[in-house]
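Each residue of the first sequence is one higher than the one before, starting from 1 at the first, in the numbering used here. Backbone N, C-alpha and C define an ideal beta-carbon position, used for all residues, glycine too.
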Amino acid sequence: MGSAGRSAPGPAGRSAPGPAGGPAVGPSVPADSVPADSVPADRALAYRALAWYAEAARDLPWRRPDAGPWAVLVSEVMLQQTPVSRVLAVYSAWLRRWPSPRALAADPPGEAVRAWGRLGYPRRALRLHAAAAVIDREHAGHVPDDLDALRALPGVGAYTAAAVASFAFRRRQPVLDTNVARLLTRLFADGTRASDGLLRQTLDRMLPTEPAVAAEASVAFMELGALVCTARSPACGPCPLRSQCRLHSSRGLVSEGSSRPPNGASPPSGQPELAGAPRRPPYRGSVREARGLVLAALRSSPGPVAAGTLSLACPDATRRASALAGLLADGLLQALPDGTYALP
DNA sequence: AATGCGTGGTC
DNA sequence: TGACCAAGCAT
Numbered sequence: 001m002g003s004a005g006r007s008a009p010g011p012a013g014r015s016a017p018g019p020a021g022g023p024a025v026g027p028s029v030p031a032d033s034v035p036a037d038s039v040p041a042d043r044a045l046a047y048r049a050l051a052w053y054a055e056a057a058r059d060l061p062w063r064r065p066d067a068g069p070w071a072v073l074v075s076e077v078m079l080q081q082t083p084v085s086r087v088l089a090v091y092s093a094w095l096r097r098w099p100s101p102r103a104l105a106a107d108p109p110g111e112a113v114r115a116w117g118r119l120g121y122p123r124r125a126l127r128l129h130a131a132a133a134v135i136d137r138e139h140a141g142h143v144p145d146d147l148d149a150l151r152a153l154p155g156v157g158a159y160t161a162a163a164v165a166s167f168a169f170r171r172r173q174p175v176l177d178t179n180v181a182r183l184l185t186r187l188f189a190d191g192t193r194a195s196d197g198l199l200r201q202t203l204d205r206m207l208p209t210e211p212a213v214a215a216e217a218s219v220a221f222m223e224l225g226a227l228v229c230t231a232r233s234p235a236c237g238p239c240p241l242r243s244q245c246r247l248h249s250s251r252g253l254v255s256e257g258s259s260r261p262p263n264g265a266s267p268p269s270g271q272p273e274l275a276g277a278p279r280r281p282p283y284r285g286s287v288r289e290a291r292g293l294v295l296a297a298l299r300s301s302p303g304p305v306a307a308g309t310l311s312l313a314c315p316d317a318t319r320r321a322s323a324l325a326g327l328l329a330d331g332l333l334q335a336l337p338d339g340t341y342a343l344p
């Protein structure tokens, strides 16, 4: 257990976490003096989120009772950096075709890439296939419920492992994704963005004791981040945590709906946020785009495609060559002896 | 630890 | 209209 301050997840050092935070900001207490009787205050936030979730939750297929661990794993991998709206159709078709890890492992990986469609980051399809093979071979076809075993699966990182352990097996696990991180950062806003470790520690204090309830609370936090405490324009009005939210109160009682607290931190000093954010390289005209074009051509063909077909799909020879080399290296593409290309 | 990895929607 | 954003992971 760390002695980390329990108030703001942010490093206790920065931005003078002084008690100045004020009493109205809820679970904010000077570091050090913290003890156990303050824990329920954090848990109260979870119960508020739970109550809100009971009313506002979306009905998503992977949350239904009939969604087993495999379905949950599939959904979590598909949802990595990908909006729910785009995942829905692919998810259904995927599970219909491969209702178990064993079924997927029995097909060639290229079929997974094909079924992945335009979800993006097609390496995820490859890794999900590889994960299915590991599950089949090393876990008797059952998705493991152990955090470390999950973490060891290809394509499964800290978030996905915690999500599967929690949502599929009702284990009491802090589940930290971008939604929850944003939510906590605003909730305890002290001008800094805490480390993931500290955020998870904070979450752990917030989760109810009963594992199944904790699991539900984790989904509730994520849903809150996805629907209410959104990145661009958070709707503080309906937020069940509003009265406990440090950022919201620091904004001075923003009305509702359109209330728009900026992001987590206000630059302490002048810092005109100049050369700060590194600009993302343009997608148009990139090798990245070329990879997509080549893969799309492969997907749309039932069998191998000729080099000439790829030239049509991606006319720029330089980028096409880079894309092919990259896809080959990633195992997303196979070069056949006759000069054609195919999915692996 | 900073990068690279798809794709499409939104304001 | 381009920049940001969407349930991250691997290297």
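* Beta-carbon proximity check, A51 vs P240, cutoff 8 Å -> yes
* To do: Just confirm the distance between the C-beta atoms of A161 and L147, as a whole number of angstroms; I'd bet it's less than 8 Å.
  => 5 Å
* Can you tell me whether DSSP reads V175 as helix, strand or coil? -> coil
* **Separation of R193 from L336, as counted between CA atoms** => 49 Å
* From V74 to Y91, what does the alpha carbon distance come to, in whole angstroms? -> 7 Å
* Could you give the distance in angstroms between the alpha-carbon of G331 and the alpha-carbon of G292? -> 14 Å
* To do: Specify, as a first and last residue, the run of the alpha helix (DSSP H) that T202 falls within.
  => 196-206
* For V77, which residues of its own chain have a beta-carbon under 7 Å away from its beta-carbon, when the five flanking residues on both sides are left out? -> R124, L128, G155, T160
* **Alpha-carbon to alpha-carbon, S250 and P30** => Because the pLDDT at P30 is just 32, under 50, the model does not fix this residue reliably, and the value given afterwards should be weighed accordingly. In a straight line, the C-alpha of P30 is about 18 Å away from that of S250.
* Nearest-angstrom Cβ-Cβ length linking L199 and L176, presumed shorter than 8 Å -> 5 Å
* **Close-in-space but distant-in-sequence residues of the same chain around S322 (CB under 8 Å, 5 per side omitted)** => V287, A290
* To do: Return yes when the Cβ of W62 is within less than 8 Å of the Cβ of V143, no when it is not.
  => no
* To do: Label D59 either buried or exposed according to how many other C-beta atoms from any shown protein chain fall within 10 Å of its C-beta, with 16 as the threshold for buried.
  => exposed
* To do: Could you tell me if G157 is buried or exposed, where buried requires 16 or more neighbouring beta carbons within 10 angstroms of its beta carbon?
  => exposed
* **CB-CB length for R313 against A297, believed under 8 Å** => Checking the sequence, you will find Ala at residue 313 rather than Arg. That pair is a contact at about 4 Å.
* Give me the Cβ distance between L203 and V180, rounded to the nearest whole Å; I'm assuming they're in contact under 8 Å. => 7 Å
* Who are the Cβ neighbours of G197 in its own chain at under 7 Å, not counting the five residues just before and after it? -> none
* R137 - containing alpha helix (DSSP H), residue span -> 123-138
* For the alpha helix (DSSP H) containing D66, list its first residue and its last residue. => No alpha helix (DSSP H) holds D66; DSSP gives it neither H nor E.
* Asked: Is it the case that the Cβ atoms of A132 and L104 are separated by a distance below 8 Å?
  -> yes
* **Nearest-angstrom Cβ-Cβ length linking P304 and A342, presumed shorter than 8 Å** => 4 Å
* May I ask you to report which of helix, strand or coil DSSP gives Q244? => helix
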